[in-house]
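J.: Counting from 1, position 1010 in the sequence shown corresponds to residue 1010 in full-length UniProt numbering; the numbering is continuous, with no gaps.
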Amino acid sequence: FGSSSAQRHRLLEVGVCPRPWRHAMAEASTGKDVADTDAAEKQEGTEEKGNEQEDAKESEAPKEPQELEKNAATDKVGPTIQTPVVFHTEDTTINCVPSLYGNMMMPLSDGGLQYLLAGARANTGVKSGRYMFEVKILEFMSPSEDPSARNKTPPPKSQLRIGFSTANSSLFLGDNEEGIGFTTDGVLMHKKAKSRTTPPLETGDIAAVLLNLEEGSPNFRTVSLFINGERACLPQALPESLHGKVLHPTATFKNVTFHYNFGPLPLAPLPFTCTMLQEAAEADVVVVAPAEMAKDGRREVIFPVCLPDEGTFDWLDTFLEKNKHFTELSDRAVLAWAEASGLRRNKPAAGSSLGGAAIELVGQRNSNDKPEMGFGITMMDDGSVKRVLHSVAPLQQRDFVVMEIKSNLLHRERKDMLSKWASSGFKRTAAVMMGEPPMRMKKKCQELSLKAKQEASDAAFHAKKAEEKRKKLALQKQKRLEQEKRKAERAAKKKQEALKKKLELEKKKKEKAERGEAEDEEDKANKEEAEEEDKDSDEEGKEDEEMEEAEPDPPKVELTEEERKQWFRKTAIPDLSAYALSTSFMKFSLPDKDDGFDDVRYDWYNGDKCKDYLTQWIRDRKLTTRVEDLQPSEWFTSRWKEWQKTLQSWHAKQNQHKAKLAKKAATAAAKAAAKEAKKKAAALLKAKEERERAEKAQKDGEGRGDAEEKEDANMAEAPADEEEEEDKESPLVDFERLDVFGVEDFLDIGDSQPIFSAFTFEDWTMLSLRFELYLLTHAFRKDVNDPDRVGMHLEHLPFYYNKYFKKALSLKFYGVETLKDLLEYVRDTVVVRGKSQVIETHLPEQLESWGIFAMLTEEARRDRQRRVDLGDETAKLGLSQQPQGIQSKEKPVGISQVGGGIRPGMGAMGAMGAMGAMGGPAAAAAAAAAAAAAAASTAGGGAGAHGVRHARRRRGEAQAARRAPPAASALRAHRHRRQDGGGRCSSGGGISREPAEGRQDRRPALLADGHGPAGRRRSPALGGRGWPGSGGGAAGAGRL
1 FGSSSAQRHR
11 LLEVGVCPRP
21 WRHAMAEAST
31 GKDVADTDAA
41 EKQEGTEEKG
51 NEQEDAKESE
61 APKEPQELEK
71 NAATDKVGPT
81 IQTPVVFHTE
91 DTTINCVPSL
101 YGNMMMPLSD
111 GGLQYLLAGA
121 RANTGVKSGR
131 YMFEVKILEF
141 MSPSEDPSAR
151 NKTPPPKSQL
161 RIGFSTANSS
171 LFLGDNEEGI
181 GFTTDGVLMH
191 KKAKSRTTPP
201 LETGDIAAVL
211 LNLEEGSPNF
221 RTVSLFINGE
231 RACLPQALPE
241 SLHGKVLHPT
251 ATFKNVTFHY
261 NFGPLPLAPL
271 PFTCTMLQEA
281 AEADVVVVAP
291 AEMAKDGRRE
301 VIFPVCLPDE
311 GTFDWLDTFL
321 EKNKHFTELS
331 DRAVLAWAEA
341 SGLRRNKPAA
351 GSSLGGAAIE
361 LVGQRNSNDK
371 PEMGFGITMM
381 DDGSVKRVLH
391 SVAPLQQRDF
401 VVMEIKSNLL
411 HRERKDMLSK
421 WASSGFKRTA
431 AVMMGEPPMR
441 MKKKCQELSL
451 KAKQEASDAA
461 FHAKKAEEKR
471 KKLALQKQKR
481 LEQEKRKAER
491 AAKKKQEALK
501 KKLELEKKKK
511 EKAERGEAED
521 EEDKANKEEA
531 EEEDKDSDEE
541 GKEDEEMEEA
551 EPDPPKVELT
561 EEERKQWFRK
571 TAIPDLSAYA
581 LSTSFMKFSL
591 PDKDDGFDDV
601 RYDWYNGDKC
611 KDYLTQWIRD
621 RKLTTRVEDL
631 QPSEWFTSRW
641 KEWQKTLQSW
651 HAKQNQHKAK
661 LAKKAATAAA
671 KAAAKEAKKK
681 AAALLKAKEE
691 RERAEKAQKD
701 GEGRGDAEEK
711 EDANMAEAPA
721 DEEEEEDKES
731 PLVDFERLDV
741 FGVEDFLDIG
751 DSQPIFSAFT
761 FEDWTMLSLR
771 FELYLLTHAF
781 RKDVNDPDRV
791 GMHLEHLPFY
801 YNKYFKKALS
811 LKFYGVETLK
821 DLLEYVRDTV
831 VVRGKSQVIE
841 THLPEQLESW
851 GIFAMLTEEA
861 RRDRQRRVDL
871 GDETAKLGLS
881 QQPQGIQSKE
891 KPVGISQVGG
901 GIRPGMGAMG
911 AMGAMGAMGG
921 PAAAAAAAAA
931 AAAAAASTAG
941 GGAGAHGVRH
951 ARRRRGEAQA
961 ARRAPPAASA
971 LRAHRHRRQD
981 GGGRCSSGGG
991 ISREPAEGRQ
1001 DRRPALLADG
1011 HGPAGRRRSP
1021 ALGGRGWPGS
1031 GGGAAGAGRL
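1. With respect to the alpha helix (DSSP H) encompassing Y774, which residues constitute its N-terminal and C-terminal limits?
2. Between L877 and the rest of its own chain, which residues show a CB-CB distance below 6 Å, the 5 nearest in sequence each way excluded?
3. Given this structure, state the Cα-to-Cα distance separating H88 from G163, to the nearest angstrom.
4. For the putative contact between Q397 and I94, defined by C-beta atoms under 8 Å, what is the C-beta separation to the nearest angstrom?
5. Are the Cβ atoms of residue 1041 and L856 separated by less than 8 Å?
6. What whole-angstrom Cβ distance do T222 and L201 have, given they're in contact under 8 Å?
7. Hey, how far is the Cα of K370 from the Cα of R332?
8. What does a CB cutoff of less than 6 Å around M715 pick up in its chain, not counting 5 residues either side in sequence?
9. In the DSSP assignment, find the unbroken alpha helix (DSSP H) run with N219 in it and report its ends.
10. Can you round the beta-carbon distance between A251 and Y260 to whole angstroms, since I take them to be within the 8 Å contact cut?
11. Consult DSSP for P844 and reduce its assignment to one of helix, strand or coil.
12. Among W617, F735, Y814, which residue has its Cα nearest to the Cα of M766?
13. Output the distance between the C-alpha atoms of residue 1048 and V401, rounded to the nearest integer angstrom.
14. Taking A294 as the reference, which of T312, G425, T560, N168 has the closest Cα?
15. Please report the distance separating the alpha-carbon of Q631 from that of Y804.
16. Nearest-angstrom Cα distance between V831 and K570?
17. Give the range of the beta strand (DSSP E) segment to which Q159 is assigned.
18. If you reduce the DSSP assignment to three classes, tell me which class D863 lands in.
19. Any idea which residues DSSP pairs residue 1048 with across the strands?
20. Using alpha carbons as the reference points, say which of K593, A460, K609 lies closest to M434.
21. Closer than 7 Å to a non-hydrogen atom of the ligand FMN - does that hold for the CB of L661?
22. What separation, rounded to the nearest whole angstrom, lies between the Cα atoms of Q695 and K688?
23. Only counting the same chain, and skipping five residues up and downstream in sequence, which positions put a Cβ closer than 7 Å to that of F375?
24. Within the segment 599-652, note down every full alpha helix (DSSP H) run reaching 4 residues or more, in order along the chain.
25. Look up P304 in the DSSP assignment and say whether it is helix, strand or coil.
26. From R619 to F741, what distance separates their C-alpha atoms?
27. Taking the C-alpha atoms as reference points, what is the distance between V135 and Q82?
28. Using CA atoms only, rank isn't needed, just tell me which of V97, N123, D399, W850 is closest to L277.
29. Looking at R298 and K427, is the spacing between their C-beta atoms short of 8 Å?
30. Would you call residue 1041 buried or exposed, if buried means 16 or more other Cβ atoms sit within 10 Å of its Cβ?
31. For R440 and E90, what's the separation of their Cα atoms in angstroms?
32. Buried or exposed: T841, going by 16 or more other Cβ atoms within 10 Å of its Cβ?
33. The beta strand (DSSP E) with D91 in it runs from where to where?
34. Just to confirm the assignment, what range does the beta strand (DSSP E) spanning K427 have?
35. Which value, in whole angstroms, describes the spacing of the CA atoms of R490 and V816?
36. Could you compute how far the alpha carbon of E859 sits from the alpha carbon of K565?
Structure (structure tokens):
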């Protein structure tokens, strides 16, 4: 407030001088020296002393601000009011506790209520004249506080606001345009705007608020504050929003106890006489009567029974607008109350005034019935406030609306709430609103829907215009930069030309010829440049004018025909959370007098229609609401485990078939190589014999040579006939033309080939998806055990999929955008039915064999391949990556049994198995080459040492096969065997490595030729463990 007496006098003139300084000002006004008053300030140096002396001279004759208020007229015009000026209960918040005697008011301050404001508005309002009322502060309370709330509650912890507001305004003074008031902090509040005008109030102070609505007065339409009988501020003008309205004395407080005085005599007389509100003329005030009570003299508490998301809170808002004497008891009201008291949640939300409804809260919360508080204050977040209010409410004489959507629909919870009002004397009424609402309710919902739609349209329109404006500004900035660049270039060019002309002129001065034409040309060029500059500046001005176009108004929207037919509007926040609705809606019931109600009324449909409507509503919700507490049954668990074992065996069957095909290919390659080797050997032998015969013929004569030549030719042709003999092979199956659904055994369509022999990763994934959706559909119907739930809703498929299979259903993995797109892949197994959007399956619960899923997948694979061959790229599956656990746990042949690489002289079977483990076309070629080499070794050199020597001659081919890059799985198997150790057996020239563990656990069935693809058995022919090598035979006994 200043540091010198002159500044203090200036503050006194504007009415903000603190009271401790007023005595010094009085002494100065009587001519006393003020040097003693400023003695403590003379220690700041010589410069400060000079300022104080100057201030003392200026303050020798201070001028008091002239009081413009006059004494009240002694002659009364008309009768005065006879009704006492009081605070009606319905015009106070629930936490207000008025005293029976002494006109005292205090708030409740326990269970979280210490963080909430209290408000009270008097029953008498001023519309003309000049009147005042007083408030004396008795106590600033300091209730216990949660340590976590110290930095989350707005200061101050104790506060009081006093002033005037309209009859329909909020009880929280200064929060909106319908009220104005002074606070204990010394500020004036209106529409949450604060301006410091008065000194702060202290305990024991008497504050008087004077409202001047007296026409002709110099302070007409002003409000003033007096502290202990002295003016604390200049008259403050009333806002235009309060002109011509009836204003009621209002007090808003928190953790403060005060005494209020409406007259007839003031506690602290003012410098002039002023009429107290209790002595006001009847013509100057409006007295509001208390709310009418029922004929039996009982207050009423209403329990609305409404279905969620069917106009529940819209009905409540309409009801409270017409019945303002009712007080809402709900979590929504507590949330609005807390936000109006200055509390802020961790995630801000739009607040609304207390009283229930008018403006819908659109914050971060789960539902309207049980919104998440999220203030970070324990007593606010754990529901302590609501418990205290429900304990205090039956003790107050006011009408209540207990809005609990879920609790009012459940029999047990209704009885628990009614028990709290049993001995209160209230009339307990159940109001049932179900079915088609009345026309006024429909219009209200349509108006709110149109308003929300218009707001959304306006927001989108303004966002679009803002983006267009941003682009125009960016374009304008770019053009301006280009113009500046051109100007700079022209200026530089002009400067160069000027310098050039200057040099030319200096040169021409030396000549004696006349150059008048040259001067004309120069002037003409200068004029052209000036015109260009003017043209550029005009273009810039036009561009600026174009940028300043007025923004058009947003387009008006209308409700569609479908929206007009709807009875209720859709809100962004549901009335009940998904979990609360799914776990309770099957227990919803209608109230009756057996619950403890004094009266049950049906406002929309009658009792019988309401029962039918509720029954149908529950049946419909069974199809669209998920079952939160559903647990997989033993039937599902057993079928799921059985499927996993079956799927593993199918993977093993496919691996066996691939191994068999690889073996046949290796055998055929070996035979071809042996045949080629024999032909080559025969050709060499024939050439040698021909040379020998030719040499001999030259010696012995031509006749005998011809006879021997014929004999040798006949002998050479004999082995050729033997080479043409081949083993008969079993006929191959025409797999591409096979009727998928016409096979007798899907595991053996011919030559031990399964129907899924051509499956890739994508096909196995689709096979698993088919079975999972089939099993999930049947398991859901069995576990839910409800005939009304014919299936699960499409929207809830990911939820049930995760609950049953313990893994997420990722649309991104399958390369689709929606669940419908995903089910389109397996439309031969499951389908979505009509408007209900319920998933059903084509397959019955009991199946003779699960091979139907393999057949469906094979048929889909063929159809997809045909479409791709015809150029339809959309037929391809967009799987992103291989999920964990999709492949069989059993290791395929050639991967788990073989490792290390290929060695020279390896048998055909060993070479095939090792190269099969490497995978890929290169590995297949290497396997064929190695097998051919082994076969050639056996055929060409026989068993024993000659075969080994022949194999050494094929070392180059074996080394090429050994250079083939192994697959990741082969490398892992190889490292496993190197770490754990393994056996080594030799069969002829072949060497194979195998792990020494798990010999008893993994023994799949043997192939038709007796070779074990995945297990280990003792071979009598070899006398040890391992595989029999096809290149060595029994001649080379294996050794472990």
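Beta carbons are placed, not taken as given, at the ideal position from N, Cα and C, and that holds for glycine.
Note that this is a predicted model, so its numbers are computed, not measured.
T.: According to the data block:
1. 761-784
2. These residues qualify, in order along the chain: E762.
3. 17 Å
4. The Cβ separation is near 12 Å, so there is no contact.
5. A question about residue 1041 goes unanswered here, because the residues of the chain that appear run from 1 up to 1040.
6. Not quite, the Cβ-Cβ distance comes to about 20 Å (not below 8 Å), so this is no contact.
7. 7 Å
8. Confidence at M715 is low in this model, with a pLDDT of 47, below 50, so the placement of that residue is unreliable and no value is reported for it.
9. Careful: N219 lies outside any alpha helix (DSSP H) and carries neither H nor E.
10. 7 Å
11. coil
12. Y814
13. As shown, the chain starts at 1 and ends at 1040. That puts residue 1048 outside it, with no answer to give.
14. The option with the nearest alpha carbon to A294 is G425.
15. Pairing Q631 with Y804, the inter-Cα distance amounts to about 8 Å.
16. Taking the straight line from one Cα to the other gives about 29 Å.
17. 159-165
18. helix
19. The displayed coordinates of the chain run from 1 to 1040. Any statement about residue 1048 would go beyond what the structure contains.
20. K609
21. By its list of ligands, the structure shown contains no ligand whatsoever, and the ligand FMN lies outside what it can speak to.
22. This sequence places Glu at residue 695; Gln is not what is there. Taking the straight line from one Cα to the other gives about 11 Å.
23. K152, A338, L343, R345, D381
24. 607-624
25. strand
26. 40 Å
27. 22 Å
28. The shortest Cα separation from L277 among V97, N123, D399, W850 belongs to N123.
29. With respect to the 8 Å criterion, K427 and R298 are classified as neighbours on the basis of their beta carbons.
30. Nothing can be reported for residue 1041: it is not among the residues displayed for the chain, which extend from 1 to 1040.
31. Cα atoms of R440 and E90: separation of roughly 27 Å, rounded to the nearest angstrom.
32. Looking at its Cβ environment, which holds 16 or more other Cβ atoms inside 10 Å, T841 is buried.
33. 87-92
34. Looking at the DSSP string, the run of the beta strand (DSSP E) that includes K427 is 427-433.
35. 59 Å
36. 47 Å
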